[in-house]
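Below you'll find the structure, written out as structure tokens, and then a few comments.
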Amino acid sequence: MIPSPLAALAYATVKIAGYSLFAHQLNRFSEVSVSPIRFGFAKTGIGFIGGLLYFAVLAWWHPEHVSDTAIFVGAIPIRFLAWAIALSIFYGFRRNTRLINATLFVGVFWSYILDGVMWAIYQVLPGMVMPFC
């Protein structure tokens, strides 16, 4: 199923804003200060590509027989990889290994929080059609 234009716009807006906020907060603790909006766009793009690949592989396993919970749990390794890529590009792993490693876990959790925001928006606003937010 292809998302409605309104749903795609809302999804992109929430993700970019959420990841930009994340980078803004991370800048306070990191030795490196990056552009939050650039990070937000990049992380959203990396996550989008990871999601496309995940759902392409998932299609082989007949997702109509898989629960939404299993789909979300199955995305955890993909989300770790997406966060690792984004954090290494923008913040580097060698500068502050402990901070970045902790940030990986917080980032994956944050991605699920943003999915919850999207789910709530989809329940309230008319015309919001998007599978597996």
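Residue numbers (UniProt numbering): 1 to 133. Using N, Cα and C, we set each Cβ at its ideal position, and we do this for glycine too.
Contact between the segment 13 to 28 and the segment 108 to 124 is present: 3 or more CB-CB pairs across the two stretches fall below 8 Å. Straight across, the Cα-Cα distance linking Val106 with Phe90 is about 16 Å.
Burial is judged here by how many other beta carbons sit within 10 angstroms of a residue's own beta carbon; Ser20 has at least 16 and is buried.
With contact defined as three or more Cβ pairs closer than 8 Å, the segment 73 to 85 and the segment 44 to 59 are in contact. Pairing Phe39 with Ala86 gives a Cβ-Cβ distance under 8 Å. With contacts defined by Cβ atoms closer than 8 Å, Gly92 and Val32 form a contacting pair. Within the same chain, no Cβ atom closer than 8 Å to the Cβ of Ala70 is found once the five residues on either side in sequence are excluded. Between the alpha carbons of His62 and Phe29 lies a gap of roughly 43 Å.
Ile100 sits buried, since 16 or more C-beta atoms from the chains shown fall within 10 Å of its C-beta.
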